[in-house]
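Undergrad:
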Amino acid sequence: MLKAKEDVVISVVIPCYNEVDTLENVVEQVRNCGLTTEIILVDDGSTDGTRKLIREVVGKKVDKVLLHKHNMGKGAALKHGFAAATGDLVIVQDADLEYNPKDFMRLVEPFIYGAADADVVYGSRYARGGKYRVEGFYHELGNKLLTIASNICCDLSLTDMETCYKMFRRDVIQSIPLKERRFGFEPEVTAKIAKRRCKVYEIPIEYHPRTFEQGKKIGLKDAFRALYCIIKYNFFD
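For reference, each letter of the sequence shown is one residue, going 3 to 239 in the numbering used here.
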């Protein structure tokens, strides 16, 4: 357990693919989250000008830049970023504007001495408590059904398995062999922390969903892959 927030270093892994319009803003928000951060940016083969923005502007505002020659998927980018982390805790930060890094202050609480003894903390979009912008019914329903399926297989009681905001003790996430290259990371890592009997907490977070027209990349195919991963990593891995 960690003694105090002031002593904690958070490694923030930002995977990005074609996020030229939002990346600089996200990095600034992470830098101003109120905690000591190590920002690790992983560009997953962007083709829209993101790579140029990183080279000329954003790369100077982060601690580490990792570049993929071609698009390998979010899971592959996260695996690369996790391996480079040196902080006490590690968290995923998507490069869009759906999640607010100010929530790091709340997510770190269960790791602090005297508060709890967390190994992993999930930031839940559906455990109401912070600001919550209502999203489309079917998208939210899909997320909740996948969470229920994961809970049944993992014997957990999460409200949001698919959340981006997962904060780990660094030794925990670096000890987990990750295989999924795309969005299957979420059910895979959930299954593997459950098998390891990690102490998992949930904290309500803000959420500001964007539409597919605004650049959202997760679709129906990824939902079916997530269901496949829930079964695979709970029973056959």
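We put the CB at the ideal spot given by N, CA and C, even for glycine. Please read all numbers here as calculations on a predicted model, not as lab measurements.
Counting along the chain, where does the beta strand (DSSP E) carrying P189 start and finish?
TA: Where P189 is concerned, there is no enclosing beta strand (DSSP E), although the alpha helix (DSSP H) it sits in stretches over 187 to 197.
Undergrad: Using the Cα positions of V123 and R184, report the straight-line distance between them to the nearest angstrom.
TA: 21 Å
Undergrad: Measuring CB to CB, does Y209 end up less than 7 Å from R108?
TA: no
Undergrad: Output yes or no for whether 7 Å exceeds the beta carbon distance between L80 and P179.
TA: no
Undergrad: What does the alpha-carbon distance come out to for the pair R53 and H141?
TA: The alpha-carbon atoms of R53 and H141 are separated by roughly 30 Å.
Undergrad: Could you pull the start and end residues of the beta strand (DSSP E) that T38 belongs to?
TA: 38 to 45
Undergrad: K71 lies in the alpha helix (DSSP H); which residues open and close that run?
TA: Under the DSSP assignment, K71 falls outside any alpha helix (DSSP H); it carries neither an H nor an E label.
Undergrad: Assuming the contact rule is C-beta atoms closer than 8 Å, D120 and K201 should be a hit. Round their C-beta distance to whole Å, please.
TA: The question names Asp, but residue 120 is Ala in the sequence shown. The Cβ separation is near 5 Å, so the contact holds.
Undergrad: Within this structure, are the beta carbons of L91 and M169 separated by less than 7 Å?
TA: yes
Undergrad: Who does L91 pair with in a DSSP beta bridge?
TA: L91 pairs with I12, R171.
Undergrad: Taking D157 and A196 to be in contact with their CB atoms under 8 Å, please state how far apart those CB atoms are, rounded to whole angstroms.
TA: 7 Å
Undergrad: Three-state secondary structure (DSSP) at S126?
TA: strand
Undergrad: Please classify V14 as buried or exposed, where buried requires at least 16 neighbouring CB atoms within 10 angstroms.
TA: Answer is buried; the Cβ neighbour count reaches 16.
Undergrad: Can you tell me whether I93 is buried or exposed, with buried defined as 16 or more other CB within 10 angstroms of its CB?
TA: buried
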